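Chains as they are written, first to last, in full-length UniProt numbering: chain A, 1 to 391; chain B, 1 to 391; chain C, 1 to 391; chain D, 1 to 391. Here a beta-carbon is modelled for each residue, glycine too, at the ideal position from N, C-alpha and C. Quantities reported herein were computed from a predicted structural model and do not represent experimental measurements.
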């Protein structure tokens, strides 16, 4: 068994852990441990909300979630010899739930709390609890469905440099400034409230908290990519921006569909990740790397029959034609799938939750046929107890 | 062998065929043949440009393509008993090139001709010719690559009703009107020039040509969806809008990547499609159908190792932060992949063409992490002669 | 389209073809055509019985088949530069039925005619006719089943040298001699009756016919291996024993299960094969080759749910314990599967035929646990209209 | 986390465990725990040799292994309501190594100790130790290879009835009696020495030990099937012979190739299995069940490129022709693969061990082409660091 370099006590919030992690991105957060290229180690993670969501039938905790504390991350881990311009190669050797906490949750965020992909259609908070049985999961809130998860960290990446952080802050401030009165704002800017920055203290903490990037968006370093295929056996190539790389991670998902559409949309859980790291010196230049690159692992669940729903970039409200808008097209594909699933006994909320967390594939099928993008969402039919194919 | 209900002579343009097809969508185009539910039959198709592109090394034919004649379609086929509100179930039993024309082309459209997904980066026309050897293809213009195609019709669907056609025209006119001086326009509106409308003649032809929809965008009926997975063995459920359904198809692709990013981006070819049809009476209501639904077939090429590139919705020009723009995110993923492939000896044009036509997977990975969408493009590593994994 | 180097007229027996093939293995049969390494070409093949079986409901043609004429092969094809000790690399680029003959047959051979794997249980001749619809097949004789074929040549290989032929004859004669009065004999020895030896004539024909090997068993050169995975896209490495390699093939199967258990057990058909050839000089020594090696292609049908039956080496007659007998174990696994399928409305004959020709996987699961081998046979559940999983 | 119903202390032999399991099959062994249909629980298992093999480089422990103590099994578990004639449905929900013992071993048994499938060629004991890193394993004794395991219990099944046990003993005695002086004997008959029979004591122990069946061969109840595909997510249907079913299991394999050819041929390990059980009343009759049936799970490692070796039933010693001998054919296929692998830097012993424990597929390809069976063994090329395809 690999050594556990980051432990969590699930009964305590992240800032009270013996070795606190962080919930903002900043280059100055000191490493909690140091490894060498070739090392194998285990990292434990809390769920992304720091334990705000309960295993019960009441969605009020989803409605009332405090987003200033997310995402709680484990790390940073320093990798000896990794320098800016290198590639950090990370193998996800294993990932799983803690044996005493074999459950997770999927939430529909309330519109007033930011909502999700279909928030105009689903403005109210909702929640499904999932129980794990080995590789499978089922939910008392969505009967008739069972599937194997493609478990993965929703969020993983290296610390930004000061320069990169400044670039993030600048462009995100400019976006917010383009519509400054919008509620919610177009991006979440640095916010010292409830910031957890590992071992930083005093004035160093103050300064970092004022400028540290929020964790929600994926960025050049990876971060909160929510890519379901970063699962067991995958190999990820990360850009390195600071000495020692400073790798952090969290937001473990037992399963997720492409898009993670309800926002809190994967099956969110606490758990562990076993990692192997290596370094490709000078790799960023050698391979022209901007964003991370990865190879999926060999043990993703294997389905052979899918039902696929199409969507185009014409909106569902007044039939307005959008120009090459993949966002609208994917939304229509998802809405078509949800409508279809209601014909088989699922509520609209159940269908929305299911599309968000089951192993569905969301594709950009055609993106050049002016003015319509065609997106598709593919649902494996084998996850349903009933046959859901049209007859 | 199934009976061939629509034959083409590749030496003649579509309007000179013994039984002309059509290149616009209109409910009044008379059927060329009639089948019963349960029937199996073969349809022959010209390539989408009606033979404008030659098997040579000069991309000027791509540059000079006349888009008023596209897409040339075979049909419509009347299905007895199919009525508005039904679902037409179409099985793609087989699909292939004509034995005497075992080649296809992929083009980068010039910016002045509408361009493609990355037209700002690739403004000049380019062309790759692909030779087929059974299930495989190779190109003298992109050495070092060989793959099995997921052959499919880029375009297939039933005729719209008059009402649906009117809706299409209204919304597309409104889009064009929103920026009326744009070159090229935001959508291609009805254009009688070079319209081919099957057996319509005289004033009926004139009226239909004036209002018939262009074939480029996918719409509620399916149409030019360019979904690579509508391949051998797939089963498609189409909404029916007119008596007899009036099924038409064309734009056969030997292979295509998700997005078909160079616009003329699949490996375009002439060929045949073997079909089986059936009808689900009243199916549209029964299943809440808006757009077509499908089940992919069981013989798509099977790869196990992919290299996946991520992109986020920050643009590549001045680093501007976009709000939840999947278009930008997928573009960045594609650009990242192109840049990477140049490190292995491909030109940027070769890499762009390859992403467009090889069996790559384009995914909407995360679409709720404000303000960044994360899209990915996955390339099977086994299509390359050389190993392209980072080391 | 590749040039067709061997054409067949399905209305005539092999010896009356304009360019006759052969139905025995002999090094002196002259090549019918010559190709160079790198060439692509098409070979047409009759079905293995030379057209003895009809598309009707009467199994008497199976009962009365004349085995002295099998297998009719197309070839030999000379490959320039191929010499003994080389490896001939053959790519199966494509394979299919003739468009005007889209059907095939599966037969249970009568016990008096040699029978099949379960001949004690199925002593009587039987037949199923299969109709092809693109990649799929169905049979009026086995309703409720539909599947995609893994089409392949049952028989393909290079000519033996005189030395190798002598070795074959010697060892097979010794086997027959070990039980000389057995009916049928333990092996089919050379038999000039109905021998077809391509262009050989006169005394050369007489001599060759007297010693030419029968085509039934697979041998060092490959030959009648009946390996279902030599399908589209596969690459086969053959040992070369004579100058020019002299490649021949036939016995095309639309589909077959591992073992081809009813003997005439695939879906047998006439058709064509498109090939690409190359040579690895000195490859046999370099790679220590005895028998052919191959890489399966990427477009085999993809199923994800199988029902798997086990068998052990205890016989079904009086429960006798055999010592490590994989033959008995696989027979028991097949019998268990047949018994099971009868619970879902299939007759025993239908189930036997189905196991023989559908894409089932037959595995040597455990072969060291004295005294029992454990073999398994895996049936894809998706080929059945009804759900066949136990409940 | 499911409740652990059977715990093991790896520092103690099975008979000294607080709750001893058993190493013989007998209906009278009392259950160690009782569950209800629908229950989920965990079972811990020692490795099959009861800890005789060490994590070192000396194969003497393999050479000197005491086979009278194998296989040590965990159980029996009583399932309430299960009665003779029912089917016990067992879901393998999860399976894995203990975190503090993430290693396993593969041994070549010495010929004097019974040997393995190729014992004439490999008469000497040998050993490879495998280290686990999440889903992957590597061995310091076989460098250049890394693969994901298809982890499974080599041995699982319900207790036989007295009648079934008597049948087993009778037929195995008859086999031994057919060659009574053979060394080793043709089967291992009941042997009270080192028998462990759970809670049985005194005269009950004496009587059961005298007649209890050894665990090596697979039999009607399943038992030591060594089927690599009984992995995570698989569902097994077992015949029930005694009240309460009495399910036992052990012999966990991190990975195994079809055939498990070196005898101690999987990657043998201690570990845990999470199970869910259910009962189909009267299922044996309903489905005509003789041996277990199963459905493989959805997360087996997924490879797409295999190199496949053929073998026929002609022996490798003096070229003797065997009649339809799948044992010889599979042996030749394995020998061909081993010879091939030596061309890439592996010793013959390494290649033999690798074929035995890596996820290779062993198939009965053709079993009706008199007198030769054709068997194949397929090796995924992606497990090798080097490219092993012929060039």
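Quiz item: For chain A, is any of its Cβ atoms less than 8 Å away from the one on residue 301 (chain D)?
Solution: yes
Self-check item: alpha helix (DSSP H) segments (min. 4 residues) lying fully within the stretch 312-354 of chain B
Solution: 326-342
Exercise. Could you say which of D:228, D:7, D:159, D:8 lies nearest to residue 265 (chain D) if we only look at CA atoms?
Key: D:228
Practice problem: Give the residues from the stretch 255-285 of chain D that approach chain A closer than 7 Å (Cβ to any Cβ), ordered along the chain. | Solution: 274, 276
Quiz item: So, are the CB atoms of residue 390 (chain D) and residue 283 (chain C) less than 8 Å apart?
Solution: yes
Quiz item: Just to confirm, are residue 372 (chain C) and residue 239 (chain D) a CB contact at a threshold of 8 Å?
Solution: no
Practice problem: For the stretch 278-293 of chain C and the stretch 86-105 of chain C, state whether three or more C-beta atom pairs, one from each stretch, are separated by less than 8 Å. | Solution: yes
Exercise. Spell out whether any CB of chain A is found under 8 Å from the CB atom of residue 327 (chain B).
Key: yes
Quiz item: By Cβ distance, which residues of its chain are closer than 6 Å to residue 226 (chain D), with the 5 residues on each side in sequence left out?
Solution: 154, 260
Practice problem: Determine the direct distance from the alpha carbon of residue 61 (chain C) to that of residue 112 (chain D), and round the result to whole angstroms. | Solution: 54 Å
Quiz item: Name the DSSP bridge partner or partners of residue 309 (chain B)?
Solution: A:293, B:377
Quiz item: Do we get a CB-CB distance below 8 Å when we pair residue 304 (chain C) with the residues of chain A?
Solution: yes
Quiz prompt | Contact list for the stretch 367-391 of chain B against chain A, Cβ threshold 9 Å | solution = 367, 368, 369, 370, 371, 372, 373, 374, 375, 376, 377, 378, 381, 389, 390, 391
Quiz item: From residue 268 (chain C) to residue 102 (chain C), what does the alpha carbon distance come to, in whole angstroms?
Solution: 11 Å
Quiz item: Can the beta-carbon of residue 215 (chain A) be found less than 8 Å from the beta-carbon of residue 23 (chain A)?
Solution: yes
Practice problem: State the start and end residues of the unbroken alpha helix (DSSP H) segment that holds residue 205 (chain A). | Solution: 202-211
Practice problem: Examine the Cβ distances between the stretch 170-177 of chain C and the stretch 196-208 of chain C and report whether three or more of them are shorter than 8 Å. | Solution: no
Quiz item: Which runs of the beta strand (DSSP E), 3 residues or longer, sit entirely within the stretch 220-264 of chain A?
Solution: 235-239, 247-253
Exercise. Put residue 152 (chain C) into one of helix, strand or coil per three-state DSSP.
Key: strand
Quiz item: Under 8 Å between C-beta atoms, does residue 354 (chain B) make it to chain A?
Solution: no
Practice problem: Give the DSSP bridge partners of residue 133 (chain C), in chain order. | Solution: C:136
Practice problem: Can you tell me the Cβ-Cβ gap for residue 293 (chain B) and residue 360 (chain A), rounded? I've got them flagged as a contact below 8 Å. | Solution: About 14 Å separates the two Cβ atoms, so there is no contact after all.
Quiz item: With DSSP run on the structure shown, which of helix, strand or coil describes residue 113 (chain B)?
Solution: helix
Quiz item: Beta-carbon separation of residue 126 (chain A) and residue 353 (chain A) under 8 Å?
Solution: yes
Quiz item: By how many angstroms is the C-alpha of residue 178 (chain B) removed from the C-alpha of residue 142 (chain B)?
Solution: 41 Å
Quiz item: Taking the continuous alpha helix (DSSP H) assigned at residue 171 (chain C), which residues delimit it?
Solution: 162-177
Quiz item: How is residue 361 (chain D) classed by DSSP in three states: helix, strand or coil?
Solution: strand
Exercise. Could you work out which residues of chain A lie near residue 404 (chain D), taking near to mean beta carbons separated by less than 7 Å?
Key: Because chain D spans 1 through 391 in this model, residue 404 (chain D) falls outside it and cannot be assessed.
Quiz item: With respect to the beta strand (DSSP E) encompassing residue 303 (chain C), which residues constitute its N-terminal and C-terminal limits?
Solution: Looking at the DSSP string, residue 303 (chain C) is not in any beta strand (DSSP E), and its letter there is neither H nor E.
Quiz item: Would residue 349 (chain A) pass as a contact of residue 122 (chain A) if the rule is Cβ separation under 8 Å?
Solution: yes
Quiz item: When you compare each of B:319, B:305, B:321, B:335 to residue 288 (chain A) by their alpha carbons, which one comes out closest?
Solution: B:335
Quiz item: Touch check for the stretch 65-81 of chain C and the stretch 22-39 of chain C: three-plus C-beta pairs under 8 Å?
Solution: yes
Practice problem: Below 7 Å between beta carbons is the criterion; list the residues of the stretch 119-137 of chain C that meet it against any residue of chain B, in chain order. | Solution: 133, 134, 135, 136
Self-check item: DSSP state of residue 70 (chain A) mapped onto helix, strand, coil
Solution: coil
Exercise. Give the interface partners of residue 336 (chain B) over in chain A, defined as CB-CB distance under 7 Å, in chain order.
Key: 290, 291
Quiz item: Mind pulling the chain A residues with CB within less than 7 Å of residue 89 (chain D)?
Solution: Near residue 89 (chain D) there are no residues of chain A at all, since even the closest Cβ is about 14 Å away, more than 7 Å.
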